[in-house]
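*Asks:*
This is the structure we're talking about:
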């Protein structure tokens with residue numbers, strides 16, 4: 001029985017679970033800190049309603065984009081798949097025989113950077129806490 005693509009990807013380019021947990025923790029801390037700072041800024045600017053959430057969305061996209069650029073530079077163009085498992089940890093770019101064609105890339109690893117790390121969970125609650133706290137103090 002030939003190995004599955006997930007087994008083959010772990011043999012070719014293994015990801016250590018402790019390293020993946022550390023990377024996810026760092027990403028979560030980055031999103032939490034920046035969202036709280038975005039909330040403080042939105043409170044200082046007295047943004048209200050939809051304008052504040054648009055500010056959060058644009059700020060999160062900007063920070064995720066910068067983080068992705070740093071990952072691209074550190075991985076020499078291979079992308080976030082060097083540091084994050086992506087969708088099931090499978091490698092994209094294998095041909096029908098299981099050979100690597102064009103470089104090792106993990107399918108869906110970019111999603112871990114852009115929407116992972118609690119962007120819509122604890123980071124959003126940190127944004128709202130900073131936004132309402134500073135907005136309430138300044139009024």
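Numbering (the UniProt record's numbering), first residue to last: 1 to 139.
Virtual Cβ for every residue (Gly too), placed ideally from N, Cα, C.
1) Tell me where the alpha helix (DSSP H) around residue 136 begins and ends.
2) Helix, strand or coil for residue 63, going by three-state DSSP, please let me know.
3) Excluding five sequence neighbours on each side, which residues of the same chain lie with their C-beta closer than 8 Å to the C-beta of residue 63?
4) Would you report the Cα separation of residue 48 and residue 60, rounded to the nearest angstrom?
5) Residue 138: which of 24, 40, 66 sits nearest, CA to CA?
6) Taking the C-alpha atoms as reference points, what is the distance between residue 38 and residue 133?
7) Would you kindly report the start and end of the unbroken alpha helix (DSSP H) that includes residue 75?
*Replies:* For this structure:
1) Your numbering for residue 136 matches position 136 in the chain shown. Its alpha helix (DSSP H) spans residues 122 to 138.
2) Start at 1 with the first residue of the chain shown, and residue 63 comes out as number 63. Helix at residue 63.
3) Looking up residue 63 in the chain shown gives position 63. The beta carbon of residue 63 is closer than 8 Å to those of 30, 31, 34 in its chain, skipping five residues each way along the sequence.
4) Locating residue 48 in the chain shown gives position 48, counting from the first residue. Locating residue 60 in the chain shown gives position 60, counting from the first residue. If I take the Cα positions, the gap works out to 18 Å.
5) Here residue 138 refers to the residue found at position 138 of the chain shown. Out of 24, 40, 66, 40 has the C-alpha closest to the C-alpha of residue 138.
6) Position 38 of the chain shown, counting from 1, holds the residue named residue 38. Position 133 of the chain shown, counting from 1, holds the residue named residue 133. Answer to the nearest angstrom: the Cα atoms are 12 Å apart.
7) Position 75 of the chain shown holds residue 75. Counting along the chain, residue 75 sits inside no alpha helix (DSSP H), nor does DSSP assign it H or E at all.
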